[in-house]
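Notes follow the structure.
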Amino acid sequence: MEGWRQMMEEAGFIDVQIGPAVDTFAGAGGEPNARVFEVYGYAFMARKPV
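Counting from 1 along the sequence shown, just add 199 to a position and that's the residue number in the numbering used here.
Below, the structure written as structure tokens:
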């Protein structure tokens with residue numbers, strides 16, 4: 200997760216927060232593939248000073 204945080208900070212964002220992993224493929228047709236590749240979604244929140 201620190202790689203994402205660093206990328207956002209390098210883009211000028213501050214107060215970067217990354218939420219917990221969310222199983223976005225639960226019940227979807229692609230769920231078996233998502234399990235194999237450990238695919239999860241994450242919420243990002245940050246602000247960019249003006």
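Glycine is no exception: its CB is placed at the ideal position from the N, C-alpha and C atoms.
Every value quoted in this text rests on a predicted model; they were computed, and no experiment measured them.
Residues that DSSP places opposite Arg234 in a beta bridge:
For the purposes of this step, residue 234 is taken as the residue at position 35 of the sequence shown. In DSSP, Arg234 forms no bridge with anything.
Going by DSSP, name the residue or residues bridged to Phe243.
Within the sequence shown, the letter at position 44 stands for residue 243. DSSP, once it has assigned bridges, lists Ile217 as partnering Phe243.
Given this structure, state the Cα-to-Cα distance separating Glu208 from Glu237, to the nearest angstrom.
Working through the sequence shown from its first residue, we reach residue 208 at position 9. Working through the sequence shown from its first residue, we reach residue 237 at position 38. Each residue's Cα considered, the two are about 26 angstroms apart.
So what does DSSP say about Gly228, is it helix, strand or coil?
For the purposes of this step, residue 228 is identified with residue 29 of the sequence shown, where counting begins at 1. Assigned with DSSP and collapsed to three states, Gly228 falls in coil, not helix or strand.
Output the boundary residues of the alpha helix (DSSP H) element that contains Gly211.
Translated into the one-based positions of the sequence shown, residue 211 becomes position 12. No alpha helix (DSSP H) holds Gly211; DSSP gives it neither H nor E.
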